[in-house]
Every structure is written in C-alpha cells, then in structure tokens.
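Residue numbers (our numbering): 13 to 252. I have placed the structure first, in the form of structure tokens, so that the comments after it can refer back to it.
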C-alpha cells in the first residue's frame with residue numbers, strides 16, 4: 013500500500029501563538045504562503061519545536077496600536093480563508109482590525125480586501141485611517157470630501173480634535189477657493205438669465221464677483237485636483 017499521502021486541503025498544519033496572555037492554535041500553511049513575516053515564524057516552527065504545543069508557543073508581538081481583540085478579529089478571516097470556508101460578515105471595526113494587522117504583517121490579499129470592503133467611512137475617518145494605514149485612495153477621497161464646498165462643513169472643533177493645523181488650513185483654503193469660484197459661476201449664470209440685462213453686455217463683460225471673464229469659470233479646478241496640488245508630496249508616498 014505504501015506510505016499514505018497528506019490530503020492537500022484537509023490535512024491541516026497548525027501553529028501555536030501566544031498573543032499577550034492567550035494561546036491560539038491556527039492553520040499555519042496560509043500564514044506561510046501569504047505573509048513573509050508570519051511565514052518566517054511558521055518556518056521556524058517547522059524546523060524546531062517552537063509553536064508545536066501550548067508549552068512551546070511562538071510568542072507573537074502585536075503592533076503598538078493593536079490589541080488582542082484585533083488579533084481575534086484578524087483570525088476570524090484568516091481561519092475560514094485558510095480552510096476555503098465562507099467568511100462571516102464583518103463590521104467596520106473588525107475590518108479596521110484586519111486592515112491594521114494585514115498591513116503590519118504584509119498580507120497583501122487581505123489588506124486589499126479590507127480596503128475595498130470596509131463599510132461606511134466618514135471623510136474624517138478616511139483621512140485618519142488613510143494616513144495611518146497608507147491607503148492613498150482613502151486619503152484622497154477623505155480630503156476631497158472635507159474640502160468640497162458642496163458637502164456640509166465639518167465643525168471646526170471636530171477638525172481640531174482629529175487633524176493637524178496644516179491639514180485643516182489647507183482643507184479650508186481649498187474649500188473657500190472652490191466655493192468662491194462656484195459663487196462666481198452662479199452669479200454669471202444668474203446674470204445670463206436676467207431678461208432686463210442687455211444680451212451683448214452680459215456676454216462680453218467680466219464677472220462682477222471676481223473680475224475674471226465668464227468663460228474662465230468653466231475651467232475651475234476639480235476639488236481632487238486642488239487636493240493633489242496641496243497634498244501632493246504626501247499622496248506621492250502612498251501606492252494604493
């Protein structure tokens with residue numbers, strides 16, 4: 013009959029991690045194949061007794077801003093993914109836990125999944141978490157949302173509690189600049205539709221609000237263009 017072989021899916025290799033004061037026994041193959049950092053721990057475990065039992069766990073340090081609850085949330089997606097099982101539906105805090113640890117431990121697939129799936133982020137959260145976890149799309153969208161004069165103005169005290177002075181100043185500058193151009197555009201449109209104003213005078217005069225010729229208003233920058241202009245050096249450091 014010969015030596016039996018291990019089933020490629022249902023022979024589950026495991027590793028024991030100690031996270032703070034709690035032991036976790038989890039599938040190790042997925043970790044080895046999808047993360048250089050945790051994969052290295054799995055390789056050490058395979059070559060030694062470390063990680064093979066509760067008595068000799070791999071002591072796994074967490075990032076400074078992570079908790080054991082973040083690790084539990086992370087394992088809720090790692091374990092079913094490793095076993096090819098359906099994943100449960102996750103709340104926003106759980107997706108942020110997944111993003112936090114997948115970024116730290118270089119799980120590119122789970123990181124992209126979290127970025128594309130996390131629900132209901134406010135503009136402020138997109139800025140904060142986009143910066144913290146290096147998500148360019150979130151940072152750009154969040155800054156653009158705060159700077160867009162068609163959106164409700166975030167109270168100054170909320171901005172002060174969550175953003176640095178430089179960011180607040182630039183966001184409010186972009187907002188004021190675009191709002192000013194928007195008022196000019198509306199003013200010109202109002203003049204055009206006023207039947208008491210001579211047609212030729214309206215179409216050859218400058219805008220009374222800003223002094224620019226009316227045609228220049230159609231060329232005013234989109235909010236994301238202005239954000240990329242004023243935050244370009246920061247955005248250029250981010251890839252996704």
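Cβ coordinates follow ideal geometry from the N, Cα and C atoms, glycine included.
(request) Would you kindly check if the distance between the Cβ of residue 94 and the Cβ of residue 111 is under 8 Å? (result) no
(message) Assuming residue 98 is part of the beta strand (DSSP E), what are its boundary residues?
(response) Careful: residue 98 lies outside any beta strand (DSSP E) and carries neither H nor E.
(message) Buried or exposed for residue 187, going by 16 or more other Cβ atoms inside 10 Å?
(response) buried
(request) Would you be able to state if there are at least three C-beta pairs under 8 Å between the stretch 22-29 and the stretch 38-49? (result) yes
(request) Enumerate in chain order the residues of its own chain whose CB-to-CB distance from residue 191 is below 7 Å, with the five nearest sequence positions on each side excluded. (result) 161
(request) Kindly list the residues whose CB is nearer than 6 Å to the CB of residue 83, restricted to its own chain and excluding five residues on each side of it in sequence; keep chain order. (result) 31
(message) Is residue 150 close to chain D? Criterion is C-beta to C-beta, closer than 8 Å.
(response) The structure shown contains no chain D; it is built from a single protein chain.
(message) So, for residue 131: in the same chain, excluding its five sequence neighbours on each side, which residues have a beta-carbon less than 6 Å away from its beta-carbon?
(response) 104
(message) Whole angstroms are fine: how far does the CA of residue 163 sit from the CA of residue 182?
(response) 16 Å
(message) Can you list, in chain order, the residues of its chain with a C-beta nearer than 7 Å to that of residue 252? Leave out the 5 residues immediately preceding and following it.
(response) 127, 147, 148 and 149
(request) For residue 24, name the three-state secondary structure that DSSP assigns. (result) coil
(request) Quick one: residues in its chain with C-beta nearer than 7 Å to the C-beta of residue 71, no 5 flanking neighbours on either side, listed in chain order? (result) 30
(request) Label residue 115 either buried or exposed according to how many other C-beta atoms from any shown protein chain fall within 10 Å of its C-beta, with 16 as the threshold for buried. (result) buried
(request) Would you kindly check if the distance between the Cβ of residue 62 and the Cβ of residue 44 is under 8 Å? (result) no
(message) Distance check for residue 155 and residue 244, CA to CA, integer angstroms please.
(response) 12 Å
(message) Give me, in chain order, the residues of the same chain whose beta-carbon lies closer than 7 Å to that of residue 50; leave out the 5 immediate sequence neighbours on both sides.
(response) 43 and 117
(request) Reducing DSSP to helix, strand and coil, say where residue 146 ends up. (result) coil
(request) Just the C-alpha distance for residue 69 and residue 172, rounded to the nearest angstrom, thanks. (result) 44 Å
(request) Could you tell me how far apart the beta carbons of residue 34 and residue 80 are, in whole angstroms, since I believe they sit closer than 8 Å? (result) 6 Å
(message) Between 166, 247, 159 and 170, which has its C-alpha nearest residue 235's C-alpha?
(response) 159
(message) Checking the sheet assignment: what are the DSSP bridge partners for residue 182?
(response) None, per the DSSP bridge assignment.
(message) Could you tell me the alpha carbon to alpha carbon distance between residue 22 and residue 250, rounded to whole angstroms?
(response) 39 Å
(message) The beta strand (DSSP E) that contains residue 35, what's its start and end?
(response) 34-39
(message) Taking 7 Å as the limit between beta carbons, can you name the residues of its chain near residue 121, skipping five residues before and five after?
(response) 46
(message) Alpha carbons only, please: which of 185, 165 and 64 is nearest the one belonging to residue 136?
(response) 165
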